[in-house]
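S.K.:
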Amino acid sequence: MRGTQTINEKGHLVIGGVDTTQLVEKYGTPLYVYDVDLINQNIQRFKEAFEPYAVNWQIAYASKAFSTLAMIQLVKEHELSLDVVSGGELYTALKAGFPASRIHFHGNNKSVEEIQMAIRAGIGAFVVDNFYELAMLEEEAQKEEIVVNVLLRLTPGVEAHTHAYVTTGQEDSKFGFTLSNGDVEKAIQLALNAPHIHLLGVHSHIGSQIFDAEGFVLATTRILARFLDWKDTFGYTPKVLNVGGGFGIKYTEEDDPLPLESQLRPVLETILAFCQEHSLQTPEVWIEPGRSIVGEAGTTLYKLGSSKTIPGVRKYVSVDGGMTDNIRPSLYGAKYEAVIANRADEPNVETVSVAGKCCESGDMLIWDLPLPTPAAGDVLAVFCTGAYGYSMANNYNRIGRPAVIFVENEKDYLVVERETYEDLIKKDLLMPEMVKQRS
Ligand SMILES: *Cc1c(COP(=O)(O)O)cnc(C)c1O
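Each residue of the sequence shown is one higher than the one before, starting from 0 at the first, in numbering that gives the first Met the number 0.
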């Protein structure tokens, strides 16, 4: 049980004081349910982790983990900053009324239109990934006659201890300026000489679902060592050191992440000690958590339908969603835990594998899940789906995206409507007359 989850006297799973079976009756399935109280707690814990330290900080929620108007509004209430990686995420943030000055724009291939949109909106910083972007940004900022804040994304050559597919900190990465081959110094030189760029500092993001502090400390140490070189070479010291996101969460019993505070503390201590030793101005420390803010707060509710038992092999049970609402198991082999929400108090008596309904053998949500004997019509609650679930949802097989509900203090709020069949064909056009006649 996570956050506000409990089991009521009927044996039903309750989130935010709301019986999940009632949510299913009211909104249908599949359904994403977010425990707002747990999101609030996660944000609060990050803030408290910084408090003991004499350092200026910013926490930017990485909105790619879960970006909707209501979520951005919640992040705004907490006065965090916000990371976006596309025009669409930027548009969502602006429409939610998020202050542009606290938005940071990431991405390895921002288009000229996206850069123009962000400049005109007056965003707080661009996290520049490559030389192409640096030149384009200077050109566009010049046209608009403004100076834009820039962090340079560095690739420090640190591979976080995590699943290979979601690692972005190695040198063999599509992201960032390589720290080991002089590219970073070239980029700093260019940025310092660009009249419409204000080089605020540097950034690194070493991976995702990281369980300890070692990778963060190693990357930070490598980058800090360069601060001394840059001071000598350019007379330049970064004002901001952004150490990225990637703080791990507990999807299943196998996952054992250090608490957020314990991941952050050694990084802050490393920075403070280094700067004191070398008489450097301590940089502002920025972090960019996504998953660790929303991941455990999300639960997906499904209805069970057909099942198939292959004697001596396994039993498959199918849900009314799958890789369309949660592609992570098929994409990365991600693992989840689940319960039968309408019989959450019953002991597990068998092991089943949970399949999605898409025409794809790889559309499996959970292999070998212990459950009470499942029956058609039962509600399956899959935990920890709050990050990269809805945000990666798709319409394969023309399946509509589920609704999203926030629950808090015994109330439920619809924050994203379920996609209808009409929504699915909204952008389709009928075949033009001309083509029809030819055939
Ligand atoms: C994805 C990403 C994040 C957030 O990662 P989480 O694992 O969700 O915390 C932060 N910064 C950058 C640059 C990213 O690409």
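Glycine residues also receive a C-beta, built at the ideal position from the N, C-alpha and C atoms.
Under the three-state reduction of DSSP, which class applies to Tyr-389: helix, strand or coil?
M.R.: helix
S.K.: My guess is that Gly-16 and Asn-408 are in contact by the Cβ rule of under 8 Å, so how many angstroms apart are they, rounded?
M.R.: 6 Å
S.K.: Determine the direct distance from the alpha carbon of Glu-113 to that of Glu-421, and round the result to whole angstroms.
M.R.: 29 Å
S.K.: Could you check whether Pro-29 and Thr-299 sit closer than 8 Å to each other, using their CB atoms as the reference points?
M.R.: yes
S.K.: Would you please state the rounded distance, in angstroms, between the beta carbons of Val-381 and Ala-337? I believe it to be under 8 Å.
M.R.: Correct: roughly 4 Å between the Cβ atoms.
S.K.: Would you say the beta carbon of His-204 comes nearer than 7 Å to a heavy atom of ligand 1?
M.R.: yes
S.K.: Looking at Leu-153 and Val-201, is the spacing between their C-beta atoms short of 8 Å?
M.R.: Closer than 8 Å, so yes.
S.K.: Return the Cβ separation of Ala-20 and Val-403 in integer angstroms, given the expectation that the two are a contact with Cβ distance under 8 Å.
M.R.: Sequence check: residue 20 is Thr here, not Ala. Not confirmed; about 18 Å, so no contact.
S.K.: Helix, strand or coil for Thr-3 per DSSP?
M.R.: coil
S.K.: By Cβ distance, which residues of its chain are closer than 7 Å to Pro-346, with the 5 residues on each side in sequence left out?
M.R.: Pro-371
S.K.: For Asp-171, count neighbouring Cβ atoms within 10 angstroms of its own Cβ and tell me buried if that reaches 16, exposed if not.
M.R.: exposed
S.K.: Tell me whether Ser-207, by its Cβ, gets closer than 7 Å to a heavy atom of ligand 1.
M.R.: yes
S.K.: Which ranges does the alpha helix (DSSP H) cover as unbroken runs of at least 4 residues, wholly within the region 32-80, from first to last along the chain?
M.R.: Qualifying alpha helix (DSSP H) stretches, in chain order: 35-49, 68-76.
S.K.: Is the closest heavy atom of ligand 1 to the C-beta of Asp-82 under 7 Å?
M.R.: yes
S.K.: Taking Cys-452 as the reference, which of Thr-350, Asp-319, Val-406, Gln-43 has the closest Cα?
M.R.: This structure cannot speak to residue 452, because the chain is shown only from 0 to 438.
S.K.: Measuring only the C-alpha atoms, how far is Leu-364 from Lys-425?
M.R.: 29 Å
S.K.: By Cβ distance, which residues of its chain are closer than 7 Å to Val-84, with the 5 residues on each side in sequence left out?
M.R.: Lys-63, His-105, Gly-106
S.K.: Put Arg-417 into one of helix, strand or coil per three-state DSSP.
M.R.: Here DSSP, grouped into helix, strand and coil, assigns Arg-417 to coil.
S.K.: Smallest Cα separation from Ala-374: which of Gly-234, Ser-306, Ser-110?
M.R.: Ser-306
S.K.: With distances taken from CA atoms, which of His-195, Asp-34, Thr-251, Tyr-387 is nearest Glu-144?
M.R.: Ranking His-195, Asp-34, Thr-251, Tyr-387 by Cα distance to Glu-144 puts His-195 first.
S.K.: Taking its Cβ as the centre, do 16 or more other Cβ atoms sit within 10 Å of Ser-66, making it buried, or is it exposed?
M.R.: Burial state of Ser-66 is buried, judged by a 10 Å Cβ sphere holding 16 or more other Cβ atoms.
S.K.: Cutting at 7 Å between CB atoms, please list the residues of its own chain near Leu-423, excluding the five before and the five after it.
M.R.: Asn-394, Arg-397, Gly-399
S.K.: Work out the CA separation of Phe-405 and Leu-413 for me, nearest whole Å.
M.R.: 7 Å
S.K.: Touching or not, the region 52-60 and the region 76-83, by the rule of three or more beta carbon pairs under 8 Å?
M.R.: Yes, they touch.
S.K.: Buried or exposed, going by whether 16 or more other CB atoms sit within 10 Å of the CB of Ala-272?
M.R.: exposed
S.K.: Have a look at Ser-207, Ser-261, Phe-125, Glu-184 and flag the residue whose alpha-carbon is nearest the alpha-carbon of Thr-232.
M.R.: Glu-184
S.K.: Starting from Ser-305 and walking both ways along the alpha helix (DSSP H), at which residues does that stretch end?
M.R.: It is not in any alpha helix (DSSP H) - Ser-305 instead sits in the beta strand (DSSP E) that spans 297-309.
S.K.: Measuring CA to CA, which of Ala-92, Ala-117, Gly-86 is closest to Glu-439?
M.R.: Residue 439 lies beyond the residue range present for the chain, which begins at 0 and ends at 438; the question has no answer from this structure.
S.K.: Is Phe-246 near ligand 1 - that is, is its Cβ less than 7 Å away from at least one heavy atom of it?
M.R.: yes
S.K.: Am I right that Gly-87 and Met-116 are in contact with their C-beta atoms under 8 Å? What's the rounded C-beta distance?
M.R.: The C-beta distance from Gly-87 to Met-116 rounds to 10 Å, too long to fall under 8 Å, and the pair is not in contact.
S.K.: Would you kindly check if the distance between the Cβ of Ile-270 and the Cβ of Gly-245 is under 8 Å?
M.R.: With a cutoff of 8 Å on beta-carbon distance, Gly-245 and Ile-270 are scored as not near each other.
S.K.: Under the three-state reduction of DSSP, which class applies to Pro-371: helix, strand or coil?
M.R.: coil
S.K.: Measuring alpha carbon to alpha carbon, tell me which residue in Leu-37, Tyr-52, Gly-355, Cys-383 is nearest Ile-248.
M.R.: Cys-383
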